[in-house]
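In terms of numbering that gives the first Met the number 0, the sequence shown opens at residue 0 and continues consecutively.
Accompanying notes for the structure given below.
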Amino acid sequence: MPDQQEPSGERVRLGVDVGGTFTDLVAVDPDGGVRFAKVPSVPTDPSDAVLAAVAAAGLAPAQVGTFAHGTTVATNTLLERAGARTALVTTRGFRDVIEIGRQNRPSLYDLTRDRPPSLVPRELRFTVAERCGPHGVIEPLRDDDVARVVEEVAAIPDLAAVAVCLLFSFAFPAHEQAVATALRQRLPGITVVASSEVLPVFREYERFTTAVADAYLTPGLSTYLRRLEHRCARQSLTVPMIMQSSGGVTELAEAAGHAARCVLSGPAGGVVGAAYVAGLSGVRDLLTFDMGGTSTDVAPVLGGRALTTSESVLAGVPIMLPTVDVHSVSAGGGSIAWADAGGALRVGPRSAGADPGPACYGRGGTLPTVTDADLYLGYLADGAGLGGEVTLSRAAAEAVLSGLGAELGLTPAQTAAGVVAVADAEMTRALRVVSVERGIDPRQLVLVAFGGAGGTHACALAEELGMSRVLVPLAAGVLSALGLAIGDVRRDHARPLIGRLGEVDLARAFTDLAATAAAEADLAADAGPAAAADAGPAADAEPGQASAGSPAVLQRRVDCRYAGQSHELTIDVAEPGDAAGVEPGDASVDAASMAQAVRAAFEAEHLRRYGHIAPEREIETVAVRLVVTVRGPKPVPVAPPVDPTARRGRRQAWLDGAWRDVEVVPRAALGAGDVVAGPAVVEFAEATCLLRPGWTGTVDDIGTLVLTRQL
Numbered sequence: 000m001p002d003q004q005e006p007s008g009e010r011v012r013l014g015v016d017v018g019g020t021f022t023d024l025v026a027v028d029p030d031g032g033v034r035f036a037k038v039p040s041v042p043t044d045p046s047d048a049v050l051a052a053v054a055a056a057g058l059a060p061a062q063v064g065t066f067a068h069g070t071t072v073a074t075n076t077l078l079e080r081a082g083a084r085t086a087l088v089t090t091r092g093f094r095d096v097i098e099i100g101r102q103n104r105p106s107l108y109d110l111t112r113d114r115p116p117s118l119v120p121r122e123l124r125f126t127v128a129e130r131c132g133p134h135g136v137i138e139p140l141r142d143d144d145v146a147r148v149v150e151e152v153a154a155i156p157d158l159a160a161v162a163v164c165l166l167f168s169f170a171f172p173a174h175e176q177a178v179a180t181a182l183r184q185r186l187p188g189i190t191v192v193a194s195s196e197v198l199p200v201f202r203e204y205e206r207f208t209t210a211v212a213d214a215y216l217t218p219g220l221s222t223y224l225r226r227l228e229h230r231c232a233r234q235s236l237t238v239p240m241i242m243q244s245s246g247g248v249t250e251l252a253e254a255a256g257h258a259a260r261c262v263l264s265g266p267a268g269g270v271v272g273a274a275y276v277a278g279l280s281g282v283r284d285l286l287t288f289d290m291g292g293t294s295t296d297v298a299p300v301l302g303g304r305a306l307t308t309s310e311s312v313l314a315g316v317p318i319m320l321p322t323v324d325v326h327s328v329s330a331g332g333g334s335i336a337w338a339d340a341g342g343a344l345r346v347g348p349r350s351a352g353a354d355p356g357p358a359c360y361g362r363g364g365t366l367p368t369v370t371d372a373d374l375y376l377g378y379l380a381d382g383a384g385l386g387g388e389v390t391l392s393r394a395a396a397e398a399v400l401s402g403l404g405a406e407l408g409l410t411p412a413q414t415a416a417g418v419v420a421v422a423d424a425e426m427t428r429a430l431r432v433v434s435v436e437r438g439i440d441p442r443q444l445v446l447v448a449f450g451g452a453g454g455t456h457a458c459a460l461a462e463e464l465g466m467s468r469v470l471v472p473l474a475a476g477v478l479s480a481l482g483l484a485i486g487d488v489r490r491d492h493a494r495p496l497i498g499r500l501g502e503v504d505l506a507r508a509f510t511d512l513a514a515t516a517a518a519e520a521d522l523a524a525d526a527g528p529a530a531a532a533d534a535g536p537a538a539d540a541e542p543g544q545a546s547a548g549s550p551a552v553l554q555r556r557v558d559c560r561y562a563g564q565s566h567e568l569t570i571d572v573a574e575p576g577d578a579a580g581v582e583p584g585d586a587s588v589d590a591a592s593m594a595q596a597v598r599a600a601f602e603a604e605h606l607r608r609y610g611h612i613a614p615e616r617e618i619e620t621v622a623v624r625l626v627v628t629v630r631g632p633k634p635v636p637v638a639p640p641v642d643p644t645a646r647r648g649r650r651q652a653w654l655d656g657a658w659r660d661v662e663v664v665p666r667a668a669l670g671a672g673d674v675v676a677g678p679a680v681v682e683f684a685e686a687t688c689l690l691r692p693g694w695t696g697t698v699d700d701i702g703t704l705v706l707t708r709q710l
């Protein structure tokens, strides 16, 4: 892992997040000054919008030191099943593993629900005669069989990628590597992914689907990233780092080679940004609420740490790579409202997107959306500008809402209020998924609202969840881009370690894994004991702390479970009584102490997640993980001075079933310590915040609007 490009002189840290509707930019100066830009996304070529955002910010290439980018290219490719034509090579007799899957069903009693189609059709799945078991080779791999399958794959027309997934390759990868090497030699222009390179852990179904997804997505993402790299080079702009699903950035070449690691690239940046800004305001336990134009993404942050998981499913495809624990729903500002066959009002999952966008954008949209409803109800200003290219029209919103209202037998106001209520209900359910359903009481947390529409709906959602505090950051409309700008470089490594706790050698496993990681990533020689004493990885970083210390930070984790359980929990390996990572080989920490610390941490997490523990049962380990992070500087954002020309006003807004006269406050008119009492609307440069009756907002020292209500 090479060192990050650090800004020198007056060079800025740049973050650009491409969303479904808008592309956001944040530029952070070394002294904490922050610049924002928002431009419409270009679905046909997202790099157009990236460069347009840089131009809109008025940045010269020489001003840019570090550039990080979050992209939805891989996400959208998977959702739309628009990936590369991919083949699969697997062990004889197991070609249908990726289609058979597990017995769990998301809609068990819905007889009309089909499983999502496999990414690789059956005719593109090939097998070789070989077999490994838990103790090594059972049936040797023959050279002639490898040559046969390579020629069969080479004969596929329009082939772009191949996934090689053999049984027990996580423990014995030689056969898989031999097949992959032969394919790469025969097909030098084709993406070849070996499952042991992407996910060297047990469970063949999840390992296979992850490797297949990586092969399926990589050609498209690589083409986009290489085009972006070329266009940046032509403009003498720094080559961007790419945000991974784990909440850390990586080199463009690494992202281009393994697209499955970037399927939640954009949402991860938002969680990192929210955790960082909330930490500066003294908040360490929170729920993030990112409502954009196409979707809403929510995630828990506890103790200042964004929770991560290795068990995510996107578009029906299990991708078992480290991912910030984000839950997404199709409820964004551009989500289309419609009446179903039974006459019920529905919102989403279809979205108006960036083109044509909501009807109120005046760009050809003819269907009502959540943004149209917000505008008609007075939460947004008629004639307001978005992204420098869009002017909101309340008349256009009223026209499409009237059409939907005629179907439902409702007035435009009732229709708009219904659209907002349905969208709010969907987003509230999403927040419950990442809190109540995981043993977390949302009433003890703070809601951090961002995205263009987050602040507009935050108070209503907080009331439904019994929450009394909401933070709306100064950069609320572009917070995901801020998370990118301050992101840390991160690499994740894993290897299997199956056995009973106390019998396996955890210290040796971590030592071996660290040596492998160092060899793969070319880590600095001193990224060892000294680094291990520092805090955790990017998603777990201590918010608000500058991090110009050691070149690499190591965090050790272990997947473990009660013996006999089917699924495991991932926990941090900590020295007894200390939150810092245990240094393998440290003479002060014996094997018994390490095992005791792992048991304590596992049972604490098991109790939190499931509400019970079984002290009499043995614990077994499944895998060890090493997270390697290179920290970037974390400048504290400086709130801009109050604009003396900003003027407050008033307008009508629909609240609790009636039109009410509310105060409209430009965010630029507020300085530290200023207070706004609801009902009111605070208009940010790139977002809007609605304070419902009973809420009060106070601006803190870093410019965050802190909303509170009396319970």
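Glycine included, C-beta positions come from ideal geometry on N, C-alpha and C.
Source: prediction; values computed, not measured.
Specify the secondary structure class of TYR275 as computed by DSSP and reduced to three states.
In the sequence shown, residue 275 corresponds to position 276, counting from 1. TYR275 falls in the helix class under three-state DSSP.
Exposed unless 16 or more other CB atoms sit within 10 angstroms - verdict on ASP44:
Within the sequence shown, the letter at position 45 stands for residue 44. By the neighbour-count rule (16 or more Cβ atoms within 10 Å), ASP44 is not buried but exposed.
Whole angstroms are fine: how far does the CA of VAL674 sit from the CA of THR76?
Within the sequence shown, the letter at position 77 stands for residue 76. Within the sequence shown, the letter at position 675 stands for residue 674. Cα-Cα distance, rounded: 45 Å.
Taking just the CA atoms, how far does ALA429 sit from VAL421?
In the sequence shown, residue 421 corresponds to position 422, counting from 1. In the sequence shown, residue 429 corresponds to position 430, counting from 1. Distance between the alpha carbons of VAL421 and ALA429 is about 13 Å.
When DSSP builds the beta bridges, which residues end up paired with ARG489?
Translated into the one-based positions of the sequence shown, residue 489 becomes position 490. THR628.
Go through its chain and collect everything with a Cβ distance to PRO614's Cβ below 8 Å, but skip five positions before and after it.
Position 615 of the sequence shown holds residue 614. So the list reads GLU602, once near-sequence residues are dropped.
Tell me, to the nearest whole angstrom, how far the beta carbon of LEU166 is from that of SER244; I am working on the premise that it is less than 8 Å.
For the purposes of this step, residue 166 is taken as the residue at position 167 of the sequence shown. For the purposes of this step, residue 244 is taken as the residue at position 245 of the sequence shown. Wrong, their Cβ atoms sit about 27 Å apart, outside the cutoff.
Which word fits THR111, buried or exposed, when buried means at least 16 other C-beta atoms lie within 10 angstroms of its C-beta?
Here residue 111 corresponds to residue number 112 of the sequence shown, with the count starting at 1. Under this definition THR111 is an exposed residue.
C-beta contact flag for GLY453 and ASP324 at 8 Å:
Walking along the sequence shown from the start, residue 453 turns up at place 454. Walking along the sequence shown from the start, residue 324 turns up at place 325. For GLY453 and ASP324, no; Cβs fall outside 8 Å.
Could you tell me the alpha carbon to alpha carbon distance between LEU50 and ALA484, rounded to whole angstroms?
The residue you call residue 50 lines up with position 51 of the sequence shown. The residue you call residue 484 lines up with position 485 of the sequence shown. If you take the alpha carbons of LEU50 and ALA484, they lie about 16 Å apart.
Please report the Cβ distance between GLY696 and LEU704, rounded to the nearest whole angstrom; I am assuming they are in contact, meaning their Cβ atoms lie under 8 Å.
Walking along the sequence shown from the start, residue 696 turns up at place 697. Walking along the sequence shown from the start, residue 704 turns up at place 705. So it is a contact: roughly 5 Å between Cβ atoms.
Rounded distance between the beta-carbons of LEU496 and VAL503, thought under 8 Å:
What you label residue 503 is simply residue 504 of the sequence shown in a count that begins at 1. What you label residue 496 is simply residue 497 of the sequence shown in a count that begins at 1. Yes, VAL503 and LEU496 are in contact; Cβ-Cβ is about 6 Å, under 8 Å.
What does the alpha-carbon distance come out to for the pair GLU150 and ARG104?
Locating residue 150 in the sequence shown gives position 151, counting from the first residue. Locating residue 104 in the sequence shown gives position 105, counting from the first residue. Computed Cα separation, rounded: 37 Å.
Nearest to ALA667 by CA position, among GLY656, PRO643, ALA652, is which residue?
Here residue 667 is taken as the residue at index 668 of the sequence shown, counted from 1. The option with the nearest alpha carbon to ALA667 is PRO643.
Given a threshold of 16 other Cβ atoms within 10 Å of its Cβ, counted over all protein chains shown, does PRO472 qualify as buried or as exposed?
Taking the sequence shown and counting its residues from 1, one reaches residue 472 at position 473. Buried is the call here.
Determine the extent of the alpha helix (DSSP H) in which TYR561 is found, giving its start and end residues.
Here residue 561 is taken as the residue at index 562 of the sequence shown, counted from 1. Note, TYR561: premise wrong, no alpha helix (DSSP H); beta strand (DSSP E) at 552-561.
According to DSSP, is ASP371 part of a helix, a strand, or is it coil?
Residue mapping note: residue 371 aligns to position 372 of the sequence shown, counting from 1. Correct three-state label for ASP371: helix.
Tell me whether the beta-carbon of THR293 lies closer than 8 Å to the beta-carbon of THR307.
Taking the first residue of the sequence shown as position 1, residue 293 is located at position 294. Taking the first residue of the sequence shown as position 1, residue 307 is located at position 308. No, these two residues do not count as a Cβ contact at 8 Å.
Quick check: what's the CA-CA separation for ALA415 versus HIS257?
The count along the sequence shown starts at 1 and reaches residue 415 at position 416. The count along the sequence shown starts at 1 and reaches residue 257 at position 258. Those two C-alpha atoms are separated by around 43 Å.
Quick check: what's the CA-CA separation for ALA267 versus PRO116?
For the purposes of this step, residue 267 is taken as residue 268 along the sequence shown, with counting starting at 1. For the purposes of this step, residue 116 is taken as residue 117 along the sequence shown, with counting starting at 1. Looking at the two C-alpha atoms, the distance is approximately 27 Å.
Quick check: GLU662 and VAL477, are their CB atoms within less than 8 Å of each other?
Taking the sequence shown and counting its residues from 1, the one referred to as residue 662 is at position 663. Taking the sequence shown and counting its residues from 1, the one referred to as residue 477 is at position 478. Not a contact, by the Cβ cut-off of 8 Å.
Whole angstroms are fine: how far does the CA of LEU470 sit from the CA of GLY278?
Mapped onto the sequence shown, residue 278 falls at position 279. Mapped onto the sequence shown, residue 470 falls at position 471. The alpha-carbon atoms of GLY278 and LEU470 are separated by roughly 11 Å.
State whether the segment 379-386 contacts the segment 399-409, with contact taken as three or more CB pairs (one from each stretch) at a distance under 8 Å.
no
Per DSSP, what kind of secondary structure is GLU617 in: helix, strand or coil?
Here residue 617 refers to the residue found at position 618 of the sequence shown. GLU617 falls in the coil class under three-state DSSP.
According to DSSP, is HIS68 part of a helix, a strand, or is it coil?
By 1-based counting over the sequence shown, the position of residue 68 is 69. Correct three-state label for HIS68: strand.
According to the Cβ coordinates, are PRO367 and ALA353 closer than 8 Å?
Within the sequence shown, numbered from 1, the residue matching residue 367 stands at position 368. Within the sequence shown, numbered from 1, the residue matching residue 353 stands at position 354. Cβ atoms of PRO367 and ALA353: not closer than 8 Å.
Since VAL557 and THR515 should fall inside the 8 Å C-beta cutoff, what is the C-beta to C-beta distance between them, to a whole number of angstroms?
Translated into the one-based positions of the sequence shown, residue 557 becomes position 558. Translated into the one-based positions of the sequence shown, residue 515 becomes position 516. Going by Cβ atoms, the distance from VAL557 to THR515 rounds to 16 Å, so no, they are not a contact pair.
Ranges of the alpha helix (DSSP H) found wholly within the segment 376-413, counting only runs of at least 4
393-407
Alpha carbon to alpha carbon, how far is SER546 from ALA305?
Here residue 546 corresponds to residue number 547 of the sequence shown, with the count starting at 1. Here residue 305 corresponds to residue number 306 of the sequence shown, with the count starting at 1. Model confidence at SER546 stands at a pLDDT of 36, short of 50, so the residue's coordinates are unreliable and nothing is read from them.
CA-CA distance, LEU669 and ARG647?
On the sequence shown, residue 669 is found 670 positions in, with the first residue counted as 1. On the sequence shown, residue 647 is found 648 positions in, with the first residue counted as 1. Approximately 10 Å, taken between the alpha carbons.
Under 8 Å between the Cβ atoms of LEU87 and ILE99?
For the purposes of this step, residue 87 is taken as residue 88 along the sequence shown, with counting starting at 1. For the purposes of this step, residue 99 is taken as residue 100 along the sequence shown, with counting starting at 1. No, they are not a contact pair.
Report yes if the C-beta of LEU110 is less than 7 Å from at least one heavy atom of the ligand PLP; otherwise report no.
With respect to the ligand PLP, the structure offers nothing, as it holds no ligand at all.
How many Å lie between VAL418 and ALA153 at the Cα?
Working through the sequence shown from its first residue, we reach residue 418 at position 419. Working through the sequence shown from its first residue, we reach residue 153 at position 154. Roughly 52 Å between the two C-alpha positions.
What does GLN102 pair with, by DSSP beta-bridge criteria?
Along the sequence shown, one-based indexing puts residue 102 at 103. In the DSSP output, where bridge partners are listed per residue, GLN102 has none listed.
Have a look at GLU436 and ALA146 and give me their C-alpha separation to the nearest angstrom.
Sequence index remark: in the sequence shown, residue 436 carries index 437 (1-based). Sequence index remark: in the sequence shown, residue 146 carries index 147 (1-based). Using only the alpha carbons, I get a separation of about 51 Å.
Any beta carbon of chain D sitting closer than 8 Å to that of LEU446?
This model lacks chain D altogether, as it is built from one protein chain only.
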